[in-house]
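**Q**
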Amino acid sequence: MKELHPHLDRLKYEYNHWDDAIHGFREIERSRWSKSSSNILARIRHLAFPGPEKQQLPQTHILDLAQSGVIKPHVDSVRFCGNIICGVCLLSDAVMRLVNVEHKDQIVDILLQRCSLYIMKDQSRFNYTHEVLGDKESFFGNEAVERGRRVSIICRNHPSEKI
Ligand code: OGA
Ligand code: MN
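Per numbering that gives the first Met the number 0, residue 0 is the first one in the sequence shown, and the count goes up by one each step.
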């Protein structure tokens, strides 16, 4: 966060049209990092992407969701990213909800704790929508989850030719 702050703070949070997937966010992409952040990202990428390095998108996407921000249900476009994404969750716990595209009663809630890493691949990427719940909707089971400002550091791989 120390490294990202000056870049993020230059931007305003965007509250776009109601049909956009993400509300109350600002975002940047970075491919150059300090030595210590590069080391952390290299470990994460090594864990998440078992294939050759050239399959990964070199940019890392930083998504800063305001306290009032939400990510509405969506499936990432298969034209722009491949079968794996991983995300480091910073500053706040959050609940990510996966809903099966064809069987909407198949719902999986995932508690993404502050400072955790998640890896989402294959079925969960293509057959489920994903969303990050707003503060008032954030429950994990019966437990309310306090949702503050949340920053995710996301790495992706290239779309596969087979898809
Ligand atoms: C996205 C997204 C998830 C996250 O940017 O498309 O779903 O953890 N992000 O921020
Ligand atoms: Mn997404």
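A virtual CB, placed ideally from N, CA and C, is assigned to each residue, including glycine.
Quantities reported herein were computed from a predicted structural model and do not represent experimental measurements.
1. Going by the beta-carbon positions, is the gap between L111 and Y117 smaller than 7 Å?
2. Quick one: residues in its chain with C-beta nearer than 7 Å to the C-beta of H6, no 5 flanking neighbours on either side, listed in chain order?
3. Taking the straight line between their C-alpha atoms, what separation do you get for N15 and Q66?
4. For H45 versus I153, is the C-beta distance shorter than 7 Å?
5. What does the alpha-carbon distance come out to for the pair L90 and L64?
6. Please output, in chain order, the residues near ligand 1 using a CB cut-off of less than 5 Å to any non-hydrogen atom of the ligand.
7. Measuring only the C-alpha atoms, how far is G81 from F139?
8. If we ignore side chains and look at the alpha-carbon of each, how far apart do H129 and A47 end up?
9. Take D92 and list the residues in its own chain whose beta-carbon comes closer than 6 Å to its own, dropping the five residues that flank it on each side.
10. Over the uninterrupted alpha helix (DSSP H) stretch that includes N192, give me the two end residues.
11. Given a cut-off of 7 Å, decide if I21 and I70 are closer than it, judged by their beta-carbon atoms.
**A** If we stick to the structure as given:
1. yes
2. I27
3. 16 Å
4. no
5. 10 Å
6. L62, G86, S151
7. 29 Å
8. 18 Å
9. Q112, R113, V144
10. The question about residue 192 has no answer, for the chain in this structure spans 0 to 162.
11. yes
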